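**Q** The working numbering applies: residue 1462 is where the sequence shown begins, and numbers increase by one.
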Amino acid sequence: MEIVEVKKDLLNVPNTYIVCYCISQDGAMGAGVARQICNENQKMRETVKNEITTKNIEVGDNVYYQNPQNGRFIVNMITKNNYWNKSYKMEQGEYLNNLKSCLMNLKKYMKNGC
């Protein structure tokens, strides 16, 4: 699997792109790009918060969501505990390795017919 970083407006990329961005472990998503993405994906906040709670998701983990209307996949990278905290200073490679693992799992999920 090839991972390519594309610098574009996250809100205007084609639905075939997997959108990855950072959120807090509390799942607030109430400001910035997180809020805008939640506005376009009405059930995402509730779904992601539920998954964080039930699966004991921690900082450094990723939670993905698929929009049922357009099929777009969104990867929520957990980089801090609460929305008011600053992101943890993990090695950039650690975040990228976690993201790569998440994308590999997502690829398997997509191959199996979602």
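In this text, a Cβ means the ideal position worked out from N, Cα and C, and glycines have one as well.
It should be emphasised that the depicted structure is a prediction, and the values quoted were computed from it without experimental measurement.
Is Val1520 near Glu1512, with beta carbons less than 8 Å apart?
**A** Result no, Cβ atoms of Val1520 and Glu1512 do not sit closer than 8 Å.
**Q** Below 8 Å on the Cβ atoms is my guess for Gln1497 versus Ile1518; work out the distance and round it to an integer in Å.
**A** At roughly 22 Å, the Cβ-Cβ gap does not stay under 8 Å, so Gln1497 and Ile1518 are not in contact.
**Q** Where are the beta strand (DSSP E) runs, 3 residues long or more, that stay fully inside the segment 1481-1540, in chain order?
**A** You should have 1523-1527.
**Q** For Leu1557 and Met1538, what's the separation of their Cα atoms in angstroms?
**A** Roughly 10 Å separates the two Cα atoms.
**Q** Whose C-alpha, out of Thr1540, Lys1547, Phe1534, Ser1548, is nearest the C-alpha of Met1565?
**A** The candidate whose alpha carbon is nearest that of Met1565 is Phe1534.
**Q** Leaving out five residues on either side along the sequence, give the residues of the same chain with a beta carbon under 7 Å from the beta carbon of Lys1547.
**A** These residues qualify, in order along the chain: Lys1541.
**Q** So is Val1467 buried or exposed if we call it buried at 16+ other beta carbons inside 10 Å?
**A** Val1467 is exposed by the Cβ-count criterion.
**Q** Skipping 5 residues on each side, what residues in its chain have a beta carbon closer than 7 Å to that of Gly1488?
**A** So the list reads Arg1506, Val1509, Lys1510, Ile1513, once near-sequence residues are dropped.
**Q** Would DSSP call Lys1468 helix, strand or coil?
**A** If DSSP states are grouped into helix, strand and coil, Lys1468 belongs with coil.
**Q** Identify whether Lys1547 lies in helix, strand or coil by the three-state DSSP scheme.
**A** Residue state, collapsed to three classes: coil.
**Q** If you run the structure through DSSP and keep just helix, strand and coil, what is Tyr1478?
**A** It is coil, neither helix nor strand.
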